[in-house]
Structure formats: structure tokens, C-alpha cells
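Trainee: Residue numbering for the sequence shown follows the working numbering, starting at 195 and increasing by one per position.
Note that CB positions come from ideal geometry on N, CA and C, so glycine has one too.
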Amino acid sequence: MGKEAVREAIEASLKKSVLSNEKLKNVYLLVHSDRHDIHWNMAYGRTGDNEAHPDQSYHTASIGKTFTAVLIALLAEKGLLNMNDKIIRYLPEEVTAGLHVYKDKDYTSDITIEHLLAHTSGLPDFYEEKPKNGKRFIELLLEEPGKEWTALDTVRFSKEYLGPKFEPGKRAHYTNYGYNLLGLIIENVTKMEYSEALHHYLFTPLSMDRTYLSQYSKPAQESVLPDATIVLANRETVFSECHSFKSIYAGGQTVSTSEDLLTFMKALREGRILKEETLASMQSWQKRLTGIDLGQGLMRIRMLPFTDKYTSWGHLGSIASFMLYNPQMDAYVIGNFNNNSYVRQGIQFAFKTYRHLAKLEKKVESM
Numbered sequence: 195m196g197k198e199a200v201r202e203a204i205e206a207s208l209k210k211s212v213l214s215n216e217k218l219k220n221v222y223l224l225v226h227s228d229r230h231d232i233h234w235n236m237a238y239g240r241t242g243d244n245e246a247h248p249d250q251s252y253h254t255a256s257i258g259k260t261f262t263a264v265l266i267a268l269l270a271e272k273g274l275l276n277m278n279d280k281i282i283r284y285l286p287e288e289v290t291a292g293l294h295v296y297k298d299k300d301y302t303s304d305i306t307i308e309h310l311l312a313h314t315s316g317l318p319d320f321y322e323e324k325p326k327n328g329k330r331f332i333e334l335l336l337e338e339p340g341k342e343w344t345a346l347d348t349v350r351f352s353k354e355y356l357g358p359k360f361e362p363g364k365r366a367h368y369t370n371y372g373y374n375l376l377g378l379i380i381e382n383v384t385k386m387e388y389s390e391a392l393h394h395y396l397f398t399p400l401s402m403d404r405t406y407l408s409q410y411s412k413p414a415q416e417s418v419l420p421d422a423t424i425v426l427a428n429r430e431t432v433f434s435e436c437h438s439f440k441s442i443y444a445g446g447q448t449v450s451t452s453e454d455l456l457t458f459m460k461a462l463r464e465g466r467i468l469k470e471e472t473l474a475s476m477q478s479w480q481k482r483l484t485g486i487d488l489g490q491g492l493m494r495i496r497m498l499p500f501t502d503k504y505t506s507w508g509h510l511g512s513i514a515s516f517m518l519y520n521p522q523m524d525a526y527v528i529g530n531f532n533n534n535s536y537v538r539q540g541i542q543f544a545f546k547t548y549r550h551l552a553k554l555e556k557k558v559e560s561m
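This is how it looks when you write it as C-alpha cells:
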């Protein structure tokens, strides 16, 4: 199958996803491969009266964790911190007091920066977990979108309503909480706001001019297009108007474009941000039965058992956003379905896209 036929098949599949599901309002996909000389940037659907556009900005959700982790790793390379440092060295007592009390023992002083990066601190996830008494945090955010929650508010909420899962370092438990703490550590080390540090160390040097931290900063280049809407709990939402989501902070508050995300991933993979050995350390995978393995601010997606052909790395987001690179095919698949009930289908779509690209691999092998 030729390149144009593969492109048409992928684009038809993208359009079908919207036309067959009224809950999907807008979808975005960028497929890039230097090996196959392809760069396909697509969009379908609408945001209000505007048709979806490939260059439109969208909320990236937990893809933002990769920015946080890479920034921490960059600061470590500069000698400003060490992955094995205890977090109490960088956080105020307001944060660390009673932070990790598990089975009547306080383990706060045992938590390292690496524990936070790798989701092995044992801390709970304020965003997804349901307290024994009360509503889930995301329910509170949606009920009062005008209320501003800060990173410190998420610390207080977690201490009051949630508890640690295990001792630090015992196993992995995905948590937004740990990444908010990393954001506070970045502020302590750089003496900048977290958003300012993102722009200074990553977005500006990489010319990611359309990328910013929603409700904290502005993009270097404003767009005439509105940011894409997202669907949360079946409600179409203008993310920038939900001030309550300011609380997600260093766990995934970034707005970007598919092109900017590609710029970042290529720079990361090609060693233009971090040293090769630093990236390799971030890719120390903790294998999980779900097929989504956790690294340090990165994920490895094992799309099929018993073969690495479709295995990709990068990160996923809770609104079916994805930023992935497949080494076997030298192909990036980046996109967003902007719906928090479509995460599984979003991963399946990325897998389906790689299966289409595999047809180009067969053509290369036969030449």
C-alpha cells in the first residue's frame, strides 16, 4: 500500500470516530516519520462555530507530566538537584508536615525526588481517587469551575481526605499529587514560578511558541483559533474558563499543539534536551499488567503481547491525548480526542494508526 493510500485510510478512520460518536466534539492527529518521509497533520470536528484545525491548540492533560519530569532531569544535569535527594530538602514544613503517614509511621523524610518522578512515593492521587467520605476531587472541580484551587490546596485535600498507599519505594501507584510536589520543588530550585521555568528551560529554547501553562502563562504566539473544547463527565467544557483546574498545575495543565508536541518529542529523543544516559534512566520501566508501563515522567505502551513491533513510549492523558514514538517504525503518533471517557479508545486508535504505518514498513522491507 502506498503512502497516500495509508494517509487516506488513517484520515477516514479519524473522521469516522467523530461521526460515529456524538460525544466526540473535535479530534486531532499528527503522524510523522523521517524514515518514511511523512508528515500528516489532521483534525476533524468543531469547537463552537469553528471547524477543528490541525494547528489548533488543545489541553494536553497528563502529557504535561513529561515536561515536569524532563525539567527536573535537566536541573539534575545542571547540578542544581539530585534524583536521590530527599524532598524535605526543597519543600516547606507546611507541605511536608504529615505528608506521608502510613500505618501510624511517618515516612515523609524517606521520599526522594526519584520516588515522585517514578510514582513510587506511595502518595495517593487526589485527582482520581474517591475519599472515604466526600466527593472525588474532579467532581468538586466541575461543580465549582470558578473556584481557584492551588497546588497547596491539593496538598491539604490529600492530607485530609486521602491516605498513602504504601511505604515509599515499594511499588508504583500513578499519582498527580507527586507531580504537583515536583512543581513546587522546581520553584524552590529555580527561584521562578513553575510556569516561568517551563518557558525558560523548554518552551522558549525549543521555539514551542504555542505552548503554555493554562491559567498561569500565555503562549509566545497567540492564535486566532480558540483552544479546543474538552468533554469532561459528558459536559463540553472550555478549559480556560474552568479556573478550578488550576489545581492540576505540574501534573498536566499544559496547552499545546500537535506540532509543538512533535518538536518536543523529537528534541527529547535526539538528545537535544537531555543526555542519552539521562533519558535512558527515565526509561527504567516498571512493567504492569495493563500494558502501560511507568518510567520517570514517561510511559511505555505495549500494544501487543509477545512482540515489540508496536511498542511505543511517550505519555498519555486522561482526555484521550497521546504523544508517542515507536522506535521500530521511527514514527511519532500524537493527538487528542478531548474526552475523558475515550481514553481506552484513544489508545486503540493510536495502535490502529501504527498498524496502518506497518504497511509502509513492509514496502520498505521488500525494496
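In angstroms with no decimal places, state the Cα-to-Cα distance between I204 and H394.
Mentor: For I204 and H394, the distance between alpha carbons rounds to 36 Å.
Trainee: Write down the C-beta distance between L218 and N235 rounded to the nearest angstrom, noting that I regard them as a contact closer than 8 Å.
Mentor: Between N235 and L218 the Cβ distance is about 18 Å, and since that is not below 8 Å, they are no contact.
Trainee: Taking one C-beta from the stretch 434-446 and one from the stretch 367-381 each time, how about it: are there three or more such pairs within less than 8 Å?
Mentor: Short answer: they touch.
Trainee: Rounded to a whole number of angstroms, what is the C-alpha to C-alpha distance between I380 and N327?
Mentor: C-alpha separation (whole angstroms): 33 Å.
Trainee: Check this for me: beta carbons of N534 and L426, under 9 Å apart or not?
Mentor: Taking 9 Å as the Cβ cut-off, N534 and L426 qualify as a contacting pair.
Trainee: What is the rounded straight-line gap between the Cα of E202 and the Cα of S211?
Mentor: Near 14 Å, if we compare the C-alpha coordinates of S211 and E202.
Trainee: Measure the alpha-carbon distance for D319 versus M402 and round it to whole angstroms.
Mentor: If you take the alpha carbons of D319 and M402, they lie about 29 Å apart.
Trainee: Among E453, K329, L274, G340, which residue has its Cα nearest to the Cα of E354?
Mentor: With distances taken between Cα atoms, E354 lies closest to K329.
Trainee: Do you know how far the Cα of Y406 is from the Cα of T451?
Mentor: Roughly 10 Å between the two C-alpha positions.
Trainee: Quick one: complete beta strand (DSSP E) runs, 3+ long, within the stretch 233-314?
Mentor: With a minimum length of 3 residues, no continuous beta strand (DSSP E) run stays inside the stretch 233-314.
Trainee: Determine whether the beta carbon atoms of M476 and G489 lie at a separation below 9 Å.
Mentor: Their beta carbons are under 9 Å apart, which means M476 touches G489 by this criterion.
Trainee: Give me the Cα-Cα distance between L510 and D298, rounded to the nearest whole angstrom.
Mentor: Distance between the alpha carbons of L510 and D298: 35 Å.
Trainee: Is the stretch 490-508 in contact with the stretch 307-325, if contact means three or more CB pairs nearer than 8 Å?
Mentor: The stretch 490-508, when compared against the stretch 307-325, does touch it at the 8 Å Cβ threshold.
Trainee: For F516, which option in P499, Q539, K272 has the closest C-alpha, if you only look at C-alpha atoms?
Mentor: Considering only alpha carbons, the answer is Q539.
Trainee: Within the continuous beta strand (DSSP E) that includes R429, where are the two ends?
Mentor: Unbroken beta strand (DSSP E) run through R429: 429-431.
Trainee: Please report how far the alpha carbon of Y252 lies from the alpha carbon of N530, in whole angstroms.
Mentor: Near 8 Å, if we compare the C-alpha coordinates of N530 and Y252.
Trainee: Could you pull out every residue in the same chain whose Cβ sits closer than 6 Å to the Cβ of L455, ignoring the five residues on either side in sequence?
Mentor: M517, I528.
Trainee: Can you grab the Cα-Cα spacing for the pair T484 / H313, in whole Å?
Mentor: Rounded to whole angstroms, T484 to H313 spans 16 Å at the Cα level.
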